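Each remark here refers to the structure printed beneath this line.
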C-alpha cells in the first residue's frame with residue numbers, strides 16, 4: 018500500500034526525515050518496503066499484515082505514527098453537508114437478504130451533479146497512490162477510500178432499476194444460477210454462487226465489495242448519483258474474488274475487514290469532496306439510507322497486568338499499561354484486571370494476548386530487553402509424523418529400493434491414462450486457478466501417475482530394471498469449500514529384475530512379480546507399524562483384476578498392490594509388466610502397535626507339530642491361521658504356512674494347506690500330552706469353523 022508522506026504529515030505533523038519516518042513505522046509493525054518518488058513527492062510503500070485492515074488507509078497509518086511519536090491525529094477540518102434535496106427515503110430503498118453477509122449498507126442520493134475533472138492536487142494524490150484519475154465523482158470515492166479505508170461505489174441513479182413506487186431498489190443477495198454481469202473493466206463474467214451481488218429488480222448491477230457493473234457506472238451524461246458505502250463479510254468477498262480471479266483495491270480492503278461504524282462518515286466525506294470538486298454544488302438528499310440490523314459494539318477484553326509482565330519480560334504497573342493502551346486509541350479502565358474496550362475499527366483485538374502485543378508495540382520493541390528464556394534444557398527429537406516417515410524411508414532403502422521425489426502437480430493427461438471410473442474420488446482432481454503450464458495444473462490424487470511416469474522415463478533412457486518408492490502427499494477433494502484431504506502416501510513401483518546375478522537364481526527367480534511386491538509391502542507394514550499385514554484379493558483400477566490385492570491392518574484398509582493393467586501400461590509406453598503399491602501412511606501410523614519391549618528368550622526347547630487339511634479354495638490362508646491361533650492357546654509361539662496345493666487328486670474348488678506350529682513355555686518344558694491337547698483343539702476348530710478335512 019502506497020502512502021504519500023505529505024498526506025500522512027497532514028494528519029500527524031512531525032519533523033522526521035523520510036527515512037526516519039519509515040523506520041518509525043517499521044518499528045511499530047508497519048514495514049516500509051520501499052521509498053519511492055512519485056509525481057514530485059516521497060511515497061512510502063508499506064506492507065500491512067492481513068489482520069490489520071484498519072491500517073489500509075492514511076488515517077489508519079496516522080494512528081500508528083501518532084502512537085509511536087506520542088502525538089495526536091489531526092484530521093482535516095470538515096464542513097457540514099448542505100442537504101438541499103428531498104428526503105432520501107423518497108428516492109431509494111435497500112433490502113439485505115442475508116445480514117450475516119452484509120451487516121450494514123448505507124447510501125446517499127445526489128442530484129444536479131456536474132461531472133468534470135478533479136482538482137490538480139487530488140489527481141496528483143491519486144497518482145501517487147497508484148490510482149488513475151477519472152472524474153470528480155469517482156475520484157472523490159477513491160480519495161475517501163485511501164483516506165479513511167472505506168471503499169465506496171457510485172451508481173448512475175437514472176440507470177438503476179426502480180420499484181413500483183419509483184424509488185431505486187437496491188437488493189444485496191447471493192448470485193443466482195446462470196447470472197452474468199459485465200463489470201466496469203469491460204469483462205462479462207459468469208457469477209459463481211460464492212459471489213455476493215448488489216442487484217436491482219432487473220438483476221445484478223455490481224459485485225459486492227469487488228467491482229461495479231458497466232451498465233450503471235458513472236458516465237459523461239450522469240447527473241444523478243447513488244453513493245454506496247457498506248460493510249461486507251470478509252470471507253464472502255474473498256471467496257467471490259478468488260472464484261472470479263479478481264483482486265481490486267476494494268476487495269483488498271474488505272477481505273481484511275473494514276470498520277462497520279465508518280460507512281456514514283465515508284459517505285459524508287465523499288459528498289463534501291464532490292461539492293468541493295464541482296463547478297456548482299450538487300443537490301444532496303436529506304438523510305441517509307442506513308440498513309444496520311445488528312449494530313457492532315465495542316469488544317470488552319480483560320487484561321491481567323501480571324500476564325503482560327510475564328510474557329514481555331518487563332515490569333510495568335497497571336496504570337502504565339493502561340496509558341500505553343490509550344496510545345493505541347483504546348478505551349481503558351485501569352485495575353486488576355484492566356478492562357479494555359476495543360473500537361469497531363480494531364476487529365483484530367479479540368483476546369488477552371492481542372492486548373499484550375499492543376502493549377509491546379506501544380512500549381516499543383526496542384525497549385524490551387533481550388533475555389534468554391528460563392527453561393530446562395531439552396533434547397530435540399522428531400515429531401511422530403516425521404519419525405514414522407523416516408522409519409518407512411529407511412525400511413525401503415534397506416530393501417534396496419531407490420527413492421523418487423515427484424511433483425505434487427500433474428496434467429490432465431496423466432490422470433486420464435489411468436482410466437479411473439468416474440465415481441472414483443481419485444478421478445476428480447483439484448484444478449489450480451493460476452497454473453503456469455497445463456502439465457502442472459492439477460493436484461495429484463494418487464502417486465501411481467508419478468511413479469508410472471518415472472518408470473517410463475527410466476525405460477526411455479534404457480533402464481528397464483526399476484525398483485522405486487515415493488513418499489508424498491496426495492490431495493483428495495472434500496465437501497463444499499473445505500480444504501482438500503491431504504494424506505501422506507507411500508508409492509512403490511517395480512519392473513524388470515529385482516537384482517542382477519540371475520545365473521544363480523534363474524531369470525524367473527530374479528524378476529519382480531506380485532509376490533515379491535507383496536513381500537516388500539508386508540515388510541514395511543510390519544517394520545513401521547509393528548502390525549502384521551493382511552492381504553486380500555480385491556479390484557482397484559489401474560491394477561489388473563485377479564492380480565490385485567488390498568492390504569489391511571487390524572481390519573482397516575491401508576493400501577492396495579498389484580500388477581498394472583496392460584492397457585494402462587500401453588498408455589505409458591511400458592512393454593514389460595509393472596507392479597505398483599500405494600499405502601496410506603496416515604492410516605498406517607494410526608494403526609501402529611506399541612513399541613516392542615525386550616522379552617527374555619525361553620531356555621526351554623520348543624515342540625513343533627504340523628497340521629494339514631483340505632479346505633474350500635475361497636478360504637484365505639490368513640483366515641485359517643487366525644482359527645489356529647485362536648484355538649491353540651497361550652503356549653503357541655509361531656504358525657508358519659509351508660505348503661499350499663491345488664489340483665489332482667483334489668476336487669475342483671479345494672486345496673490343501675499345511676501349517677507348522679511351534680509351542681513353548683518360559684517356565685518349563687511342555688509335555689507331549691499338553692501339545693497334543695492343543696493340536697486336538699486346533700483340528701476341531703478347523704473342522705467346525707472352516708469345514709476342513711484333516712489329513713492324518
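In our numbering, the protein residues as written are 18 to 713.
From the three backbone atoms N, C-alpha and C, an ideal C-beta is built for every residue, glycine too.
Quick caveat: nothing in here was measured; it's all calculated off a predicted structure.
Fill in: Beta-carbon proximity check, residue 566 vs residue 554, cutoff 8 Å
yes
Worksheet item: Sorted by chain position, which residues of the same chain lie with C-beta nearer than 6 Å to residue 456's C-beta, five sequence neighbours on each side aside?
Response: If we look at residue 456 and ignore the five residues flanking it on each side, its Cβ neighbours are 428.
Discussion item. Just to confirm, is the Cβ distance from residue 488 to residue 410 under 8 Å?
Written reply: yes
Item to complete: Mind checking who residue 246 pairs with in its DSSP beta bridge?
Response: 123 and 169
Item to complete: Compute the Euclidean distance between the alpha carbons of residue 77 and residue 232, then round it to the nearest angstrom.
Response: 34 Å
Worksheet entry | Backbone CA spacing between residue 283 and residue 228 [nearest angstrom] | 18 Å
Discussion item. If you measure between the beta carbons of residue 352 and residue 386, is that distance less than 8 Å?
Written reply: no
Practice prompt. For my contact list, residue 681 and residue 621 are in at a C-beta cut-off of 8 Å; report their separation, rounded to the angstrom.
Written response: 6 Å
Discussion item. Taking 7 Å as the cut-off, is the beta-carbon of residue 189 closer than that to any non-hydrogen atom of the ligand SAM?
Written reply: For the structure depicted, the ligand SAM is absent and the ligand set is empty, with no information on it obtainable.
Worksheet item: Count the other CB atoms within 10 Å of the CB of residue 170; is the residue buried (16 or more) or exposed (fewer)?
Response: By the neighbour-count definition (other C-beta atoms within 10 Å, threshold 16), residue 170 is a buried residue.
Worksheet entry | Assigned exposure category for residue 186 - 16 Cβ within 10 Å defines buried | buried
Fill in: Residue range of the unbroken alpha helix (DSSP H) whose run includes residue 600
Run containing residue 600: none in the alpha helix (DSSP H); it sits in the beta strand (DSSP E), 595-601.
Practice prompt. Measure the CB-CB distance between residue 443 and residue 472 and report whether it falls below 8 Å.
Written response: Contact flag unset, no.
Worksheet item: Going by other Cβ atoms of all chains shown within 10 Å of its Cβ, with 16 needed for buried, is residue 193 buried or exposed?
Response: exposed
Worksheet item: What are the uninterrupted segments assigned as beta strand (DSSP E) that are 3 or more residues long and contained completely in the region 598-629, given in chain order?
Response: Counting only runs that start and end inside the region 598-629, there is no beta strand (DSSP E) element of at least 3 residues.
Worksheet item: Looking at the unbroken alpha helix (DSSP H) that takes in residue 140, where does it start and where does it end?
Response: 137-145
Worksheet item: Are the beta-carbon atoms of residue 35 and residue 42 separated by less than 8 Å?
Response: no
Worksheet item: Which residues does DSSP pair with residue 64 in a beta bridge?
Response: 48
Practice prompt. Kindly indicate which residue of 252, 251, 250 and 204 has the alpha-carbon position closest to the one of residue 230.
Written response: 204
Discussion item. Quick check on residue 506: buried or exposed, where buried means 16 or more other Cβ atoms within 10 Å of its Cβ?
Written reply: buried
Worksheet item: Which one of 278, 516, 659 and 270 has the shortest CA to CA distance from residue 120?
Response: Measuring from the Cα of residue 120, the nearest candidate turns out to be 278.
Worksheet item: Helix, strand or coil: which one does DSSP assign to residue 313?
Response: In this structure, residue 313 counts as coil in the three-state DSSP scheme.
Discussion item. Once DSSP output is grouped into helix, strand and coil, what is the label at residue 696?
Written reply: helix
Worksheet entry | Spatial neighbours of residue 96 in its chain, beta-carbon cut-off 6 Å, leaving aside the 5 residues before and after | none
Discussion item. Going residue by residue through the region 393-429, where are the continuous alpha helix (DSSP H) segments of at least 4 residues, counting only ones entirely within it?
Written reply: 401-415
Item to complete: Could you name the residues of the same chain whose beta carbon sits closer than 7 Å to that of residue 159, not counting the 5 residues immediately before and after it, in chain order?
Response: 143 and 148
Worksheet item: Does the region 616-636 come close enough to the region 668-677 that 3 or more CB-CB pairs lie under 8 Å?
Response: yes
Item to complete: Tell me, please, whether the region 315-330 touches the region 288-295 by the rule of three or more beta-carbon pairs shorter than 8 Å.
Response: no
Item to complete: Compare the C-alpha of residue 327 against each of 348, 388 and 347 and name the closest.
Response: The candidate whose alpha carbon is nearest that of residue 327 is 388.
Discussion item. Give me, in chain order, the residues of the same chain whose beta-carbon lies closer than 7 Å to that of residue 630; leave out the 5 immediate sequence neighbours on both sides.
Written reply: 674, 703, 709, 710, 711 and 712
Worksheet item: In three-state DSSP terms, what is residue 179?
Response: Reduced to three states, the DSSP call for residue 179 is strand.
Practice prompt. List the residues that DSSP assigns as beta-bridge partners of residue 662.
Written response: 673
Discussion item. With the cut-off set at 8 Å, would you say residue 102 and residue 302 are in Cβ contact?
Written reply: yes
Worksheet item: Where are the alpha helix (DSSP H) runs, 4 residues long or more, that stay fully inside the region 263-336, in chain order?
Response: With a minimum length of 4 residues, the unbroken runs of alpha helix (DSSP H) contained wholly in the region 263-336 fall at 266-271, 280-294 and 322-329.
Practice prompt. State the DSSP-derived secondary structure class of residue 655, mapped to helix, strand or coil.
Written response: strand
Item to complete: Spell out the partners DSSP gives residue 508 in its beta bridges.
Response: 487 and 599
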